[in-house]
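Q: Heads up: the sequence lines are chains V and R, in that order. With my numbering, the residue at position 144 of the first sequence is 264, and numbering never jumps. With my numbering, the residue at position 85 of the second sequence is 205, and numbering never jumps. Here a beta-carbon is modelled for each residue, glycine too, at the ideal position from N, C-alpha and C. These numbers come from a predicted model, not from an experiment.
There are 2 protein chains.
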Amino acid sequence: MKTPPDHYLALVKKGQDIYTLKSISTLLGWDQETYMPQKGLGLRSLQKQYLESLIHKEVTSESLQDLLSPLIHLETGKLTHVEGLSLEQQGAIKLWHKEVVKAKKLPDLFVETFAKAASETVAVWAEAKKASDFPVFLPHLEKMVSLSKQRADYLGYEDHPYDALLDEYEPEMKVATLDKLFAGLKPFLIDLTKKCHKTSLDTHFLYGEFDEQKVLNLDHLLLKAIGFNEGAYRLDVSMHPFCVGCHPTDVRMTALVKTNDLLSGNLLTVLHEGGHGLYEQGLDTTFFGTPICEYLSMGIHESQSKFWECFVGRSLPFWKHFYPLLQKNFPQNFSSVPLNTFYQSINLVKPSLIRIYADEVTYSLHVILRYELEKSLIEGSLAVKDIPHVWNEKMSTYLGITPPTAREGCLQDIHWAWGLFGYFPSYVLGNLYAAQFHHTLRSTYPDSDERLAQGQLSFMTDWLRKHVHRYGKLYSPDDLVRRATGSPLSEKFFKNYLTQKYQ
Amino acid sequence: MKTPPDHYLALVKKGQDIYTLKSISTLLGWDQETYMPQKGLGLRSLQKQYLESLIHKEVTSESLQDLLSPLIHLETGKLTHVEGLSLEQQGAIKLWHKEVVKAKKLPDLFVETFAKAASETVAVWAEAKKASDFPVFLPHLEKMVSLSKQRADYLGYEDHPYDALLDEYEPEMKVATLDKLFAGLKPFLIDLTKKCHKTSLDTHFLYGEFDEQKVLNLDHLLLKAIGFNEGAYRLDVSMHPFCVGCHPTDVRMTALVKTNDLLSGNLLTVLHEGGHGLYEQGLDTTFFGTPICEYLSMGIHESQSKFWECFVGRSLPFWKHFYPLLQKNFPQNFSSVPLNTFYQSINLVKPSLIRIYADEVTYSLHVILRYELEKSLIEGSLAVKDIPHVWNEKMSTYLGITPPTAREGCLQDIHWAWGLFGYFPSYVLGNLYAAQFHHTLRSTYPDSDERLAQGQLSFMTDWLRKHVHRYGKLYSPDDLVRRATGSPLSEKFFKNYLTQKYQ
Numbered sequence: 121m122k123t124p125p126d127h128y129l130a131l132v133k134k135g136q137d138i139y140t141l142k143s144i145s146t147l148l149g150w151d152q153e154t155y156m157p158q159k160g161l162g163l164r165s166l167q168k169q170y171l172e173s174l175i176h177k178e179v180t181s182e183s184l185q186d187l188l189s190p191l192i193h194l195e196t197g198k199l200t201h202v203e204g205l206s207l208e209q210q211g212a213i214k215l216w217h218k219e220v221v222k223a224k225k226l227p228d229l230f231v232e233t234f235a236k237a238a239s240e241t242v243a244v245w246a247e248a249k250k251a252s253d254f255p256v257f258l259p260h261l262e263k264m265v266s267l268s269k270q271r272a273d274y275l276g277y278e279d280h281p282y283d284a285l286l287d288e289y290e291p292e293m294k295v296a297t298l299d300k301l302f303a304g305l306k307p308f309l310i311d312l313t314k315k316c317h318k319t320s321l322d323t324h325f326l327y328g329e330f331d332e333q334k335v336l337n338l339d340h341l342l343l344k345a346i347g348f349n350e351g352a353y354r355l356d357v358s359m360h361p362f363c364v365g366c367h368p369t370d371v372r373m374t375a376l377v378k379t380n381d382l383l384s385g386n387l388l389t390v391l392h393e394g395g396h397g398l399y400e401q402g403l404d405t406t407f408f409g410t411p412i413c414e415y416l417s418m419g420i421h422e423s424q425s426k427f428w429e430c431f432v433g434r435s436l437p438f439w440k441h442f443y444p445l446l447q448k449n450f451p452q453n454f455s456s457v458p459l460n461t462f463y464q465s466i467n468l469v470k471p472s473l474i475r476i477y478a479d480e481v482t483y484s485l486h487v488i489l490r491y492e493l494e495k496s497l498i499e500g501s502l503a504v505k506d507i508p509h510v511w512n513e514k515m516s517t518y519l520g521i522t523p524p525t526a527r528e529g530c531l532q533d534i535h536w537a538w539g540l541f542g543y544f545p546s547y548v549l550g551n552l553y554a555a556q557f558h559h560t561l562r563s564t565y566p567d568s569d570e571r572l573a574q575g576q577l578s579f580m581t582d583w584l585r586k587h588v589h590r591y592g593k594l595y596s597p598d599d600l601v602r603r604a605t606g607s608p609l610s611e612k613f614f615k616n617y618l619t620q621k622y623q
Numbered sequence: 121m122k123t124p125p126d127h128y129l130a131l132v133k134k135g136q137d138i139y140t141l142k143s144i145s146t147l148l149g150w151d152q153e154t155y156m157p158q159k160g161l162g163l164r165s166l167q168k169q170y171l172e173s174l175i176h177k178e179v180t181s182e183s184l185q186d187l188l189s190p191l192i193h194l195e196t197g198k199l200t201h202v203e204g205l206s207l208e209q210q211g212a213i214k215l216w217h218k219e220v221v222k223a224k225k226l227p228d229l230f231v232e233t234f235a236k237a238a239s240e241t242v243a244v245w246a247e248a249k250k251a252s253d254f255p256v257f258l259p260h261l262e263k264m265v266s267l268s269k270q271r272a273d274y275l276g277y278e279d280h281p282y283d284a285l286l287d288e289y290e291p292e293m294k295v296a297t298l299d300k301l302f303a304g305l306k307p308f309l310i311d312l313t314k315k316c317h318k319t320s321l322d323t324h325f326l327y328g329e330f331d332e333q334k335v336l337n338l339d340h341l342l343l344k345a346i347g348f349n350e351g352a353y354r355l356d357v358s359m360h361p362f363c364v365g366c367h368p369t370d371v372r373m374t375a376l377v378k379t380n381d382l383l384s385g386n387l388l389t390v391l392h393e394g395g396h397g398l399y400e401q402g403l404d405t406t407f408f409g410t411p412i413c414e415y416l417s418m419g420i421h422e423s424q425s426k427f428w429e430c431f432v433g434r435s436l437p438f439w440k441h442f443y444p445l446l447q448k449n450f451p452q453n454f455s456s457v458p459l460n461t462f463y464q465s466i467n468l469v470k471p472s473l474i475r476i477y478a479d480e481v482t483y484s485l486h487v488i489l490r491y492e493l494e495k496s497l498i499e500g501s502l503a504v505k506d507i508p509h510v511w512n513e514k515m516s517t518y519l520g521i522t523p524p525t526a527r528e529g530c531l532q533d534i535h536w537a538w539g540l541f542g543y544f545p546s547y548v549l550g551n552l553y554a555a556q557f558h559h560t561l562r563s564t565y566p567d568s569d570e571r572l573a574q575g576q577l578s579f580m581t582d583w584l585r586k587h588v589h590r591y592g593k594l595y596s597p598d599d600l601v602r603r604a605t606g607s608p609l610s611e612k613f614f615k616n617y618l619t620q621k622y623q
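1. Please report the distance separating the alpha-carbon of V/Arg372 from that of R/Asp299.
2. Could one say the Cβ of R/Ala235 lies closer than 8 Å to chain V's Cβ atoms, at least one of them?
3. Grouping DSSP H, G and I as helix and E and B as strand, with all else coil, what is V/Gly433?
4. Distance, Cα to Cα, V/Thr369 vs V/Thr146?
5. Which residues does DSSP list as the beta-bridge partners of V/Met373?
6. Whole angstroms is fine: what's the gap from R/His176's alpha carbon to R/Ser425's?
7. Select from the segment 151–178 of chain R all residues with a C-beta closer than 9 Å to any C-beta belonging to chain V, and list them in chain order.
8. Do R/Gln401 and R/Asn349 come within 8 Å of each other at the CB atom, strictly closer than that value?
9. Roughly how many angstroms separate the alpha carbons of V/Ser516 and V/Lys505, rounded to a whole number?
10. Relative to the alpha-carbon of R/Ser266, which residue among R/Tyr443, R/Pro471, R/Tyr282 has its alpha-carbon at the smallest distance?
11. Confirm, please, whether the CB-CB distance from V/Ser143 to R/Gln167 is below 8 Å.
12. With the cut-off set at 8 Å, would you say V/Val601 and V/Tyr547 are in Cβ contact?
13. Rounded to whole angstroms, what is the Cα-Cα separation between R/Lys198 and R/Leu207?
14. If we ignore side chains and look at the alpha-carbon of each, how far apart do R/Leu403 and V/Tyr139 end up?
15. Once DSSP output is grouped into helix, strand and coil, what is the label at V/Ile192?
16. Just checking, does the segment 469–488 of chain R make contact with the segment 299–319 of chain R on the three C-beta pairs under 8 Å criterion?
17. List, in chain order, every chain V residue whose beta-carbon is nearer than 7 Å to that of R/Ile412.
18. Within 10 angstroms of the Cβ of R/Asn467, are there 16 or more other Cβ atoms? Answer buried if so, exposed if not.
19. How far does the alpha helix (DSSP H) with V/Trp538 in it extend, from its first residue to its last?
20. Where does R/Asp273 fall in DSSP's three states?
21. At 4 residues or longer, what runs of the alpha helix (DSSP H) sit wholly inside the segment 156–213 of chain R?
22. Using only the alpha-carbon positions, how far apart do R/Tyr622 and R/Lys470 sit?
23. What does DSSP give as the partner residue(s) for V/Tyr327 in the beta ladder?
24. So what does DSSP say about R/Ala345, is it helix, strand or coil?
25. R/Gly197 touches chain V at which residues, Cβ-Cβ below 9 Å?
26. Can you list the residues of chain R that V/Gly351 reaches, using a CB-CB cut of under 8 Å?
27. May I ask you to report which of helix, strand or coil DSSP gives V/Pro227?
28. Alpha carbon to alpha carbon, how far is R/Gln209 from R/Gly135?
29. Compute the distance between the beta-carbons of R/Leu285 and R/Ala272, then report whether it is under 8 Å.
30. Within the 8 Å Cβ cut-off, does R/Leu342 reach chain V?
31. Is there a Cβ from chain V that is less than 8 Å from the Cβ of R/Ile589?
32. Determine the direct distance from the alpha carbon of V/Glu414 to that of V/Gly592, and round the result to whole angstroms.
33. Between which two residues does the alpha helix (DSSP H) harbouring R/Val510 extend?
34. Can you list, in chain order, the residues of the segment 363–392 of chain V whose Cβ is nearer than 7 Å to any Cβ on chain R?
35. What three-state label does DSSP hand V/Pro523 in the structure shown?
36. Would you say R/Arg434 reaches chain V, if we count a Cβ-Cβ gap shorter than 8 Å as a contact?
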């Protein structure tokens, strides 16, 4: 065991302080969506502003740079001191340096302006969506696009301004790579959608009134089954399901318990958020306070949720074990429905207007559409006012349907209102990563279907912990995937998975 | 309207920042007692330490003193600039100055040592209480007493070291005043307890299984009835009921909803915490960020909870209106019980071992006992090892009963483990203040019993808001009581109230 030099230990102490502040901010966000009294919003805004500004101040502080400078060359980003430092410690220094450099590229005033505009735009978006009124949203969205272009300029890029934004969610990802991946994926998905879109199935048994306590018990049973650390998480109720990790010992997820759609509305959502949560729990606390104990990227995060929700939670072997339990708990819905019918009913492919309700096949087309629009907006080849038209055209081309209103079209997502350009691709990348992990896992364990059918899930959890979770930000997503699966990221694994499942 | 000078406005901005930090700390404390996953305690400790240290740093910062110095003489505490400043603004400056002076008296290292020792002592106390083992607790309690003496020395005092500690909870209160108040109260209470202690009443109807949702509905109905601002509070479940105010628009209370003791276990607790919460909601947000928008003292806080729990919630007129509702909701318990029997059953006087379960008459004797011990410990006339003996002796003299174990005796409260010497008197002061407010209110509204019997409570809420809540810390407790009631604080109002009710 090497002994890290004092400089490094002082840096970790500072890192822990910054992590602590971020974790408080995370908790405030969770509280706002779950328990905060509605009139407490004014105070909450002050609290969040104060913390965000303090975090920014700490990250860009002279004192952090003074701690970094004996270890890394601040200009070149080359390590100047590696003796006694492990691979993880060297990685942490580089990642801290990257964060500092990035934070310093964005002027304080710009960060403030961006946050204020986003906050206003979200409020306008909510009204515009309600009224299905794009023109009301237009000037605000134009401002967010313009600010995002400015953001890309501040952050800097080599080939495409969108690369700068992508990097915030998916380190080192580029437009060139995405274009290649999506070019291989899009025609395949359009084609598969057409092929699948003929099944007609009576799925009424999925809906009904479900006893809330029974639903909650099943939720916790599923979380335990996929390997959750008890006493280190919460599952609460909120309008929209989400998961945040304050720390591997304090992970908070939400789902609707009162729902008339038991699978998509609750159980599969809990597996989805559970996948996110398991990733947070799997980060290595040995490196607490360093970026090695932080999640790698939005795409990798999404791969974990998709893995459990789709690759496991929508699979036949999984339900071979769990379906009898579902039947026992809700006999009025499921006792007379055979497993195979149930399995088909939760895997129906049907083009639909709303991304978050889309199936495994069409989902990525929704996202690719958004990526294409974002890229054009940021490079300036698409005017914001033309979004509704282009959106509808693409929906028609990709899925054969056209949104009757903007609410069901380009106003459906909150992301652009927040200025989160560059985020959407994570959702497809999540599918691609998950498929690649899933393929490797099944090759490693040829009996994985049998294990799943017996309710054994821990071999999967263990594999993900070992090959994904514990590394945090140590490797780039691309490196992590190569190390874990032996191949560079490719869309072929997802295509193979879908082909096998749906053809 | 006077225009405050820029110096003052800059000070308010700083005050708002410090308030914001404190409100975050409050929220973390609430979360810890309600929803935090048990294993999240480690992170929570880091978060709280970080915030407490930051608050201390801000309060003792040069920058705060620089903001104060044009407005107040830092040495003498005399205002140097009053032009354009309202009474509240002048008060705020003096109070900020007092806080800074106090914070600077306590060395950083001492604050840290105290907090660490308290945290350890609380853990030992929990174990010692479980095992009813005072000797295990002894060395730790000795340390807390010794640190509290040191604290009194740091803070400074004129007559009695305990005065320094008292001032932290009840500004300007002195041992001399308390001794006089309690000397007038103690023999009266001992005597009244003996006189009352003969009633025998079958109260089994108070206990049973109560539908949780119905209980919760009643809770919110009561909170609404006493004037709660909807959408600006929460009522949750925790092991021990409490109330914290993050801000007048975000007040958080807890109570047990699942209880077999509907009155003491829930409804009267909700009125108690509701009294605290109503005070927090009644602070004047015009002065947000200044001490004028902060509660005055623990005694005044307790007066508000006692007012609603006891002076209203245990009164006959109140239940004239609400008892039929109780009967309607829980007919199996109350339908055949006459109002008068119910009223007597919730006002039984009977000496008991545990303070928090004590009735209105004996409660203050429990507290006076603790005050007498604390005072002797701090002045050094009582050794910590002699506590159990003296405790039992006093219990026998005051209430005629002796605890069979330390768990039911001197180990029952958490306060000393936290080093909260000086806090206990607030509980009796709360009764005295409440009685005095109650007396004035009834003199102002001679028909108050009739109003209560009709379910009208808002005239009381309005009076309390007008005469107590809105002033925050502007006046000392003594001044506030004089202004609100026309008389200095006296025990006679409480004695009169008890005499009328129990004789």
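A: In short, the structure shows the following:
1. 51 Å
2. no
3. coil
4. 14 Å
5. V/Leu355, V/Cys363
6. 29 Å
7. Asp151, Thr154, Tyr155, Met156, Pro157, Gln158, Lys159, Gly160, Leu161, Gly162, Leu163, Arg164, Leu166, Gln167, Gln169, Tyr170, Leu171, Leu174
8. yes
9. 19 Å
10. R/Tyr282
11. yes
12. no
13. The straight-line gap from Cα to Cα measures roughly 14 Å.
14. 34 Å
15. Note: V/Ile192 maps to strand in three-state DSSP.
16. yes
17. By Cβ distance, chain V contributes nothing, its closest Cβ being about 17 Å from R/Ile412, past 7 Å.
18. With 16 or more Cβ atoms within 10 Å of its Cβ, R/Asn467 is classed as buried.
19. Looking at the DSSP string, V/Trp538 is not in any alpha helix (DSSP H), and its letter there is neither H nor E.
20. helix
21. Listed in chain order, they are 161–179, 182–188.
22. 12 Å
23. V/Asp381.
24. Assignment of R/Ala345 by DSSP, reduced to helix, strand and coil, places it in the helix class.
25. Here the premise fails: no neighbours, minimum Cβ distance about 29 Å.
26. In chain order: Pro157, Gln158, Lys159.
27. coil
28. Answer to the nearest angstrom: the Cα atoms are 12 Å apart.
29. yes
30. no
31. Note that residue 589 of chain R corresponds to His in the displayed sequence, not to Ile. Closer than 8 Å: no.
32. Approximately 5 Å, taken between the alpha carbons.
33. 507–519
34. Cys366, His367, Thr369, Asp370
35. Note: V/Pro523 maps to coil in three-state DSSP.
36. Cβ-Cβ to chain V under 8 Å: no for R/Arg434.
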